[in-house]
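J.: A single structure is presented below for examination.
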Amino acid sequence: MRARLIGAALAAVLLGAIGYGLLGRAHHEGAEPGAGPAVPAPVSVIRHGSEITVAGDVADPAARRALLDAVITSSEDVTVIDRLGVVPGAQTPEFAAAAPVFEAAAGLDDFTLLVSGDTVTLGGTAANQDESAAVQAAAEDAWPRAHVVNEVAVNS
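Under UniProt numbering, the first residue of the sequence shown is numbered 1, with each subsequent residue one higher.
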């Protein structure tokens, strides 16, 4: 009788430990999709001449496709290097309306766009102030809720 009682107690402890371990692992592996706050994910678009590198994390394949399409259609004869990752829950601005930004920046051979949280930072060298202002205006139209920082320098 005593052996059965000890066996039952050990079985209960063992089952409890297994259940606790499974519960802990489920929370760490993200078993609950969509749970928790979205994580800001930095995204960058860097142009060097006719080569454009797109890197960072986006929330889903549709966001990835929207950004790549906006970059690819912005100018002719460019090579696009795709280093985007898809991370569910990544928080980035909507890229569906981003094409005018890259079209306005097509004349900047060293254009950069960095997105981090709700801040969009523009960089590069423009031929004149109007070109810099056009890129900024396009970015503000594409992302009206974002804080747009224009660091595009103007050639003197």
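Where is the CB? At the ideal position from N, CA and C, for every residue including glycine.
A quick note: this is a predicted structure, and the numbers were derived from the prediction, not measured.
Given that a residue counts as buried once 16 or more other Cβ atoms are within 10 Å of its Cβ, and exposed if not, what is P61?
T.: exposed
J.: For D118, name the three-state secondary structure that DSSP assigns.
T.: coil
J.: Would A96 pass as a contact of V58 if the rule is Cβ separation under 9 Å?
T.: no
J.: Between the beta-carbon of A66 and the beta-carbon of A104, is there less than 9 Å?
T.: no
J.: Check for me: the beta strand (DSSP E) holding D82 runs from which residue to which?
T.: T79 to V86
J.: So the beta strand (DSSP E) D57 belongs to, where does it begin and stop?
T.: E51 to V58
J.: To the nearest angstrom, how far is it from the Cα of T119 to the Cα of R145?
T.: 9 Å
J.: Are V115 and D82 close, meaning C-beta to C-beta below 9 Å?
T.: no
J.: Considering only C-alpha positions, which residue in the set E131, V152 and G85 is nearest to T112?
T.: V152
J.: Would you list the residues sitting across from V148 in a DSSP beta bridge?
T.: V148 is bridged by DSSP to V120.
J.: Do T92 and A41 come within 9 Å of each other at the CB atom, strictly closer than that value?
T.: yes
J.: So, for A126: in the same chain, excluding its five sequence neighbours on each side, which residues have a beta-carbon less than 8 Å away from its beta-carbon?
T.: G107, L108, S132, V135, V152, A153, V154 and N155
J.: Between E94, G124 and S44, which lies nearest to A63 when the distance is taken from Cα to Cα?
T.: Of E94, G124 and S44, the residue nearest in Cα terms is E94.
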